[in-house]
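Encoded as structure tokens, the structure appears first; notes follow it.
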Amino acid sequence: MVELDRHSTGALLCRLGGADAGVLSLAPKARREYIALAMVLLATASLAVVSMAYAMTDGLKANPAIGVLVGLFWGALILVIDRALIINLKPRGSKGRMFLMILPRLLMAALLGLVISTPLTLRIFSDEIAGQMTRDQIAAANIAAEELSSGSLKGLFDAKEAEVRKYEDIVAGKYTYTAAGLTGAQQEYDTAKTAYDAKQKQAETAYRKWQCELYGVGCEGTSKKSGNGPLALAMQKEYQNRKAEAGDAKRLMDAKQTALLGAQRENGADAKTALAAAQADAGKQLAILRPQRDGLQLQLQQLNDAAQAKRQDGLLAQLVALGHLGDESGIARLAHLLLAALLFMIELLPVAIKTLSAAGPTTIYERAEKLDDDRVLKLAQERAGRERTKQAQIDQRAADSEARVAKKVQEKVEEVVTEIAMVAVDQWSKEVRQSAADYTNRQHLPTYQAARVLGAQNAVQQRGPYNLPQARNPHGNDPAQQGGGGQQSGGSKP
Numbered sequence: 001m002v003e004l005d006r007h008s009t010g011a012l013l014c015r016l017g018g019a020d021a022g023v024l025s026l027a028p029k030a031r032r033e034y035i036a037l038a039m040v041l042l043a044t045a046s047l048a049v050v051s052m053a054y055a056m057t058d059g060l061k062a063n064p065a066i067g068v069l070v071g072l073f074w075g076a077l078i079l080v081i082d083r084a085l086i087i088n089l090k091p092r093g094s095k096g097r098m099f100l101m102i103l104p105r106l107l108m109a110a111l112l113g114l115v116i117s118t119p120l121t122l123r124i125f126s127d128e129i130a131g132q133m134t135r136d137q138i139a140a141a142n143i144a145a146e147e148l149s150s151g152s153l154k155g156l157f158d159a160k161e162a163e164v165r166k167y168e169d170i171v172a173g174k175y176t177y178t179a180a181g182l183t184g185a186q187q188e189y190d191t192a193k194t195a196y197d198a199k200q201k202q203a204e205t206a207y208r209k210w211q212c213e214l215y216g217v218g219c220e221g222t223s224k225k226s227g228n229g230p231l232a233l234a235m236q237k238e239y240q241n242r243k244a245e246a247g248d249a250k251r252l253m254d255a256k257q258t259a260l261l262g263a264q265r266e267n268g269a270d271a272k273t274a275l276a277a278a279q280a281d282a283g284k285q286l287a288i289l290r291p292q293r294d295g296l297q298l299q300l301q302q303l304n305d306a307a308q309a310k311r312q313d314g315l316l317a318q319l320v321a322l323g324h325l326g327d328e329s330g331i332a333r334l335a336h337l338l339l340a341a342l343l344f345m346i347e348l349l350p351v352a353i354k355t356l357s358a359a360g361p362t363t364i365y366e367r368a369e370k371l372d373d374d375r376v377l378k379l380a381q382e383r384a385g386r387e388r389t390k391q392a393q394i395d396q397r398a399a400d401s402e403a404r405v406a407k408k409v410q411e412k413v414e415e416v417v418t419e420i421a422m423v424a425v426d427q428w429s430k431e432v433r434q435s436a437a438d439y440t441n442r443q444h445l446p447t448y449q450a451a452r453v454l455g456a457q458n459a460v461q462q463r464g465p466y467n468l469p470q471a472r473n474p475h476g477n478d479p480a481q482q483g484g485g486g487q488q489s490g491g492s493k494p
């Protein structure tokens with residue numbers, strides 16, 4: 001650290017830690033503190049690089065080169081953000097204000113720590129997570145298989161498969177033809193046989209009772225006396241009646257059996273024709289049913305493939321497996337939380353160190369920084385005062401210059417106007433003298449008297465700007481003068 005402190009690398013690290021070179025020159029002992037803070041920033045940025053590289057390669061299955069490049073970019077971004085969070089964290093104002101300054105920085109740093117620590121946690125527990133993912137995938141596959149086996153699509157497939165097998169058996173010759181007459185004959189024979197069996201049983205029962213009564217032993221409900229008495233004769237008659245009914249039932253059964261045999265012979269003769277027709281119909285049905293069965297089988301296979309495709313091992317699947325692993329084992333959950341907390345605290349170190357420094361007593365660097373800020377503020381105020389004074393002087397000089405220029409312009413204008421006025425006066429004097437001379441000659445008046453009269457009239461009636469006479473008629477004859485002259489001439493006439 002000492003050797004590093006003496007070289008330009010130390011100055012660079014100090015700047016990275018948020019120190020000012022000018023302030024450090026006033027408090028050189030603070031260099032080590034800011035170098036250590038810069039090393040912590042670089043450590044958190046390095047963790048961010050490794051974390052993002054693992055997230056890209058393991059979670060997103062990106063190319064390792066791309067993962068490293070993205071990791072470097074992410075690390076640089078985290079370095080800039082961490083530096084921005086701590087660079088202006090200084091003790092200012094009351095504790096409440098300090099808390100409001102520190103709280104958002106801590107929250108942002110905590111969020112960054114959580115994001116950065118998660119991929120590293122997944123990487124460290126990769127073997128356990130892989131095992132849990134396998135178990136989750138097996139359970140999901142079993143559920144998917146059960147859904148497929150009990151679903152409506154599976155029922156349709158089983159029904160189509162049964163139909164296909166039935167028609168395939170017919171095509172293979174496994175077909176039993178039963179004519180409608182054979183079925184009726186079989187039912188009639190079964191009914192007749194059932195009736196005969198019942199009558200025959202009744203006859204046998206009546207016979208046993210008769211024999212018991214006849215010989216007086218072997219049965220209950222008899223008189224216990226041997227001999228052909230009245231009761232024995234009655235039982236004999238009952239037996240004969242039952243025997244006659246059984247004989248009638250036997251003859252009916254034999255007739256129905258004969259009819260059944262005839263129907264069976266007829267059915268056997270028609271079986272070959274019926275089998276050929278059934279095989280032809282089965283072939284047609286199989287041409288329709290087999291594509292339908294194959295289509296249903298394809299849909300089932302696609303559903304099964306989709307269920308298999310859901311067995312992903314991306315970042316989200318790993319997070320889910322990590323959660324399941326914690327649910328199944330308390331030790332796994334505790335290990336996960338401890339590791340995540342460790343990485344989280346490492347990412348939180350820069351802001352935590354700066355926060356503790358800001359909350360503690362004022363350091364030498366902070367005092368030197370305040371002195372430097374006061375010096376810079378004083379220099380800025382002095383510079384601003386000089387600028388204001390210089391600007392006021394410039395404004396005054398400009399105003400004086402404008403006043404001098406205005407005065408010179410006014411004097412020049414007066415000079416020009418005076419010159420123009422003198423020229424006009426000279427011209428006017430000449431015109432007045434000429435007019436007076438002409439008038440005197442016409443009126444035969446003395447020159448001196450005519451000039452005085454004409455000059456007085458022009459001064460009153462024909463005065464222009466600057467009290468100058470108006471321009472003379474080019475012909476030398478002013479209508480007003482001629483009119484006035486005429487009046488004078490007329491008035492002077494006797």
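The opening position of the sequence shown corresponds to residue 1 in the UniProt record's numbering, with each subsequent residue numbered one higher. Beta carbons are placed, not taken as given, at the ideal position from N, Cα and C, and that holds for glycine.
Need the endpoints of the alpha helix (DSSP H) that proline 64 sits in, please. Boundaries of the alpha helix (DSSP H) harbouring proline 64: 64-87, taken from the DSSP string.
In terms of residue numbering, what span does the alpha helix (DSSP H) encompassing alanine 48 cover? Element bounds for alanine 48: 31-54.
Can you look up phenylalanine 157 in the DSSP assignment and give me helix, strand or coil? When secondary structure is reduced to three states using DSSP, phenylalanine 157 falls in the helix class.
Mapping DSSP to helix, strand and coil, what is serine 329? Secondary structure of serine 329 (DSSP, three-state): coil.
For the alpha helix (DSSP H) containing leucine 12, list its first residue and its last residue. Segment 8-16, the alpha helix (DSSP H) holding leucine 12.
Where does threonine 118 sit, in a helix, a strand or coil, going by DSSP? In the three-state reduction of the DSSP assignment, threonine 118 falls in the helix class.
Three or more beta-carbon pairs under 8 angstroms between the region 292-303 and the region 100-119, yes or no? In short, these stretches do not touch, since the Cβ pair count stays below three.
Residue 541 by DSSP, collapsed to three states: which one? No statement about residue 541 is possible, as the shown extent of the chain runs from 1 to 494 and does not include it.
What three-state label does DSSP hand threonine 363 in the structure shown? Under the three-state reduction of DSSP output, threonine 363 falls in the coil class, being neither helix nor strand.
With a cut-off of 8 angstroms, do at least 3 Cβ pairs link the region 45-58 to the region 66-74? Contact between the region 45-58 and the region 66-74 is established, with three or more Cβ pairs separated by less than 8 angstroms.
Per-residue DSSP class, three states only, for asparagine 228: Three-state result, asparagine 228: coil.
Quick check on DSSP: helix, strand or coil for alanine 198? DSSP, read as helix, strand or coil, puts alanine 198 in helix.
Can you tell which of Ile129, Ala21, Ser46, Gln200 has the C-alpha that lies nearest to the C-alpha of leucine 316? Of all alpha-carbon atoms in Ile129, Ala21, Ser46, Gln200, the one lying nearest the alpha-carbon of leucine 316 is that of Ile129.
Going by DSSP, what residue range makes up the alpha helix (DSSP H) through alanine 21? Here the alpha helix (DSSP H) through alanine 21 covers 21-26.
Measuring CA to CA, which of Asp20, Glu415, Glu168 is closest to glutamine 285? Among Asp20, Glu415, Glu168, the Cα nearest to that of glutamine 285 is on Glu168.
Kindly indicate which residue of Lys174, Asp400, Gly262, Ala19 has the alpha-carbon position closest to the one of alanine 276. Checked all of Lys174, Asp400, Gly262, Ala19; the closest Cα to alanine 276 is Lys174.
If you reduce the DSSP assignment to three classes, tell me which class leucine 337 lands in. In this structure, leucine 337 counts as helix in the three-state DSSP scheme.
In three-state DSSP terms, what is leucine 60? Secondary structure of leucine 60 (DSSP, three-state): coil.
Nearest to tyrosine 215 (by Cα), restricted to the options Ala232, Ala203, Gln202, Lys199: The residue with the shortest Cα to Cα distance from tyrosine 215 is Ala232.
So is threonine 44 buried or exposed if we call it buried at 16+ other beta carbons inside 10 Å? For threonine 44, the number of other beta carbons within 10 angstroms of its own is at least 16, and it is reported as buried.
Helix, strand or coil for phenylalanine 99, going by three-state DSSP, please let me know. The three-state reading of DSSP puts phenylalanine 99 in helix, counting H, G and I together.
Relative to the C-alpha of aspartate 127, which candidate in Ala19, Glu204, Leu322 has its C-alpha closest? Nearest Cα to aspartate 127 within the set Ala19, Glu204, Leu322: Leu322.
From this set, Gly10, Arg165, Pro28, which residue's C-alpha is nearest threonine 363's C-alpha? Ranked by Cα distance from threonine 363, the first of Gly10, Arg165, Pro28 is Pro28.
Would glycine 18 be called buried (16 or more neighbouring beta carbons within 10 Å of its own) or exposed? The residue is buried, with at least 16 neighbouring Cβ atoms inside 10 Å.
Taking just the CA atoms, how far does arginine 31 sit from arginine 15? Spanning the two alpha carbons is a distance of roughly 10 angstroms.
Do lysine 199 and arginine 265 count as a contact pair if the criterion is CB distance below 8 angstroms? With respect to lysine 199, arginine 265 sits apart: the two C-beta atoms are not nearer than 8 angstroms.
For my contact list, residue 499 and leucine 85 are in at a C-beta cut-off of 8 angstroms; report their separation, rounded to the angstrom. Residue 499 lies beyond the residue range present for the chain, which begins at 1 and ends at 494; the question has no answer from this structure.
Is the region 204-211 touching the region 323-338, taking contact as three or more C-beta pairs under 8 angstroms? The answer is no - the region 323-338 does not touch the region 204-211, with fewer than three Cβ pairs under 8 angstroms.
Just the Cα atoms here: how many angstroms apart are alanine 384 and glycine 22? Annotation: alanine 384 to glycine 22 spans about 22 angstroms, alpha carbon to alpha carbon.
Rounding to the nearest angstrom, what Cα-Cα distance links serine 8 and proline 350 in this structure? Cα-Cα distance, rounded: 23 angstroms.
Residues of its chain near glutamine 318, where Cβ-Cβ distance is below 6 angstroms and the 5 sequence neighbours each way are ignored: Same-chain partners within the cutoff: Leu122, Ile129.
Alanine 139 to glutamate 328, Cα distance in whole Å? For alanine 139 and glutamate 328, the gap between their C-alpha atoms comes out near 15 angstroms.
Relative to the C-alpha of isoleucine 66, which candidate in Leu77, Ala76, Met52 has its C-alpha closest? Looking at Leu77, Ala76, Met52, the one whose alpha-carbon comes closest to that of isoleucine 66 is Met52.
Span separating the alpha-carbon of aspartate 395 from that of serine 46: A direct Cα-to-Cα measurement between aspartate 395 and serine 46 gives close to 59 angstroms.
Through-space distance from phenylalanine 344 to histidine 336, alpha-carbon basis: Between histidine 336 and phenylalanine 344, the alpha-carbon positions lie close to 12 angstroms from each other.
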